[in-house]
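Contents: one structure, followed by commentary.
Numbering (my numbering), first residue to last: 12 to 592.
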């Protein structure tokens, strides 16, 4: 016997051939492959794509090939074994051998077997698994998807300015009073003269990747509040004595008579001292209760600003064309504004390089100018207040801030005889002539309210920015955020793994069924070995051998017998047969 064929007679090799060990190993390898795929995908699902020398898709494809080969090895052998079970149960047509054999080799043979068995035999289930294997590769290719997304980069830091206690003030002047704070005063000038040009500038912040978020935080701020009280104004127009049918003298005031705005209403070009805009301070005790409805504390020491303005475009009012600009029914806008210190709870983020904030809640600090007021709002970490946080200003910084306020009172009027517009101050001219849009102000028709809100935003930026020194961060009084980097995120569509799992499950069921049925009918474990057919079919003279000796009817036994025989396909009397040489 040739040495290379001695393997057939080794006991351990015979044990593999005469048991289901190889099929069981195939199912185990297939299961391990499925588990490995699931573990790898679970680890990287929703995370950055790994930077390996081999792509994740290639690894999954290799593992899916192992899954496919292991499961199909077992199920095809089981289908072939069910062929012998099929003939062991009762007398069948010899042609059925070809059906089972073809089913184990491809899709069309499996479909033919299912049709022949009418899907009522366990072999039909195995044939279904063989058919389904065609879709494994497309399914596996759809398991992994990639999308461009942002994820946290723990190696980088982002921060934005916040302040709990403001301690900065101007130089000491007479009687130990603090002078104006140059930073706050400069922010007021910037807001007045530049508020109509752009949106409010964001606080100092650092975001290396232009995409950052911050957990909710609390900070000291200035909170401006302006209330439209136009409906409460008193307007009185009286006829002019000489020509009452042509001219009226109108006077518009807040209840109580202050401030007042006067103009003449006439179609003809009569020049008078028409007041178009006026701002005065008022004590809180005589202001409307509208401020209280906006959430101000009951006791307020800060002044209330009242403004009146005719609702006519400033370019028309400033045009000296000898025409009257207002009539007795021209709308007059009345506004009350107040500026209070407050604590804001804020959500902040930078998206594509654009910083934006959302004020979640506001807590107002009662003004007490002659003492150091530090408060803790009734908030917790859900509003961004950390343990032992206190907010406010020192006495010196508060007095310095009050001394920094610019005088916004005065009026804008057209002088007699067409002499032009007179402004009591440059600041009033800037406020009166400013132009706002819905993007730069919520009430673009009310210049004073828009500028007042811009002042509050600018002063808030100033007191927050002191938490970040010019050389960078490194202080504790800032809000630390998360830095996001654009990367490729792996997303797993688990539903596409259902087909490989289903094939494995069917293969297991068919293999278990074939094992049980073979034992039940005592069918020999021949699987896909065709050699037994040459010996168990009705023998011709050419294939007869001595049958007196004991014959090994196992698959290996028939293989050994076949090794000992030399045959040739010959034709005799019109039929082909394998004949001994």
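By construction, the Cβ of each residue, glycine as well, lies at the ideal position given by its N, Cα and C atoms.
Throw me the rounded Cβ distance for the residue 423 and residue 265 pair, which I believe falls under 8 Å.
Residue 423 to residue 265, Cβ: 17 Å. No contact.
According to DSSP, what are the bridge partners of residue 490?
171
If we call anything under 8 Å between Cβ atoms a contact, is residue 346 one with residue 459?
yes
So residue 5 is in the alpha helix (DSSP H); what residue range does that whole segment cover?
Absent from the structure is residue 5, since the part of the chain shown begins at 12 and ends at 592.
Could you tell me the distance, in whole angstroms, from the CA atom of residue 500 to the CA atom of residue 98?
55 Å
Close-in-space but distant-in-sequence residues of the same chain around residue 401 (CB under 6 Å, 5 per side omitted)
385, 387
Can you list, in chain order, the residues of its chain whose CB lies under 6 Å from that of residue 140, leaving out five sequence neighbours each side?
86, 514, 517, 518
Could you check where the beta strand (DSSP E) with residue 161 kicks off and where it finishes?
155–163
Whole-angstrom distance between residue 494 and residue 160, CA atom to CA atom:
13 Å
Do residue 71 and residue 154 have their beta-carbon atoms positioned less than 8 Å apart in this structure?
yes
Would you call residue 216 buried or exposed, if buried means 16 or more other Cβ atoms sit within 10 Å of its Cβ?
buried
Please list, in chain order, all residues of the same chain as residue 158 whose beta carbon is under 8 Å from its beta carbon, the five residues on each side excluded.
499, 500, 502
Roughly how many angstroms lie between the CA atoms of residue 474 and residue 211, to the nearest whole one?
15 Å
Residue 348 bridges to which residues according to DSSP?
237, 316
Under 8 Å, do residue 455 and residue 447 count as touching if we go by C-beta distance?
yes
Residue span of the beta strand (DSSP E) that contains residue 245, given as start and end
245–250
Can you list, in chain order, the residues of its chain with a C-beta nearer than 6 Å to that of residue 44? Leave out the 5 residues immediately preceding and following it.
74, 77, 78
Can you tell me whether residue 376 is buried or exposed? The criterion is at least 16 other CB atoms within 10 Å of its CB, across all chains shown.
buried
What does DSSP give as the partner residues of residue 372 in its beta bridges?
356
Checking the sheet assignment: what are the DSSP bridge partners for residue 593?
Residue 593 is absent from the model: the chain starts at 12 and stops at 592.
Three-way DSSP call (helix, strand, coil) for residue 338 in this model
coil
Can you tell me where the beta strand (DSSP E) with residue 291 in it begins and where it stops?
285–293
Range of the contiguous alpha helix (DSSP H) that encloses residue 121
118–128
Ignore the nearest five residues each way along the sequence and tell me which others in residue 191's own chain have a CB closer than 6 Å to its CB.
181, 414, 415
Selected residue, minimal CA-CA separation from residue 533, among 101, 374, 247:
101
For residue 500, does the three-state DSSP call read helix, strand or coil?
strand
So the beta strand (DSSP E) residue 433 belongs to, where does it begin and stop?
432–434
Residue 425 - partner residues in DSSP beta bridges:
285, 432
For residue 556, the three-state DSSP class (helix, strand or coil)
Note that residue 556 has pLDDT 49, beneath the 50 cutoff, so the model's placement of it is unreliable and the number below is only indicative. Coil, per DSSP.
Inter-residue Cα distance where the pair is residue 234 and residue 258:
43 Å
Count the other C-beta atoms from every protein chain shown that fall within 10 angstroms of the C-beta of residue 173, then say buried if there are 16 or more, exposed otherwise.
buried
Tell me whether residue 177 sits in a helix, a strand or coil according to DSSP, three-state version.
strand
Would you mind working out which of 117, 49, 63, 107 sits nearest residue 145, comparing C-alpha positions?
117
Per DSSP, residue 420 forms a beta bridge with which residues?
Answer is none; residue 420 lacks a bridge partner.
CA nearest to the CA of residue 390, picked from 230, 31, 57
230
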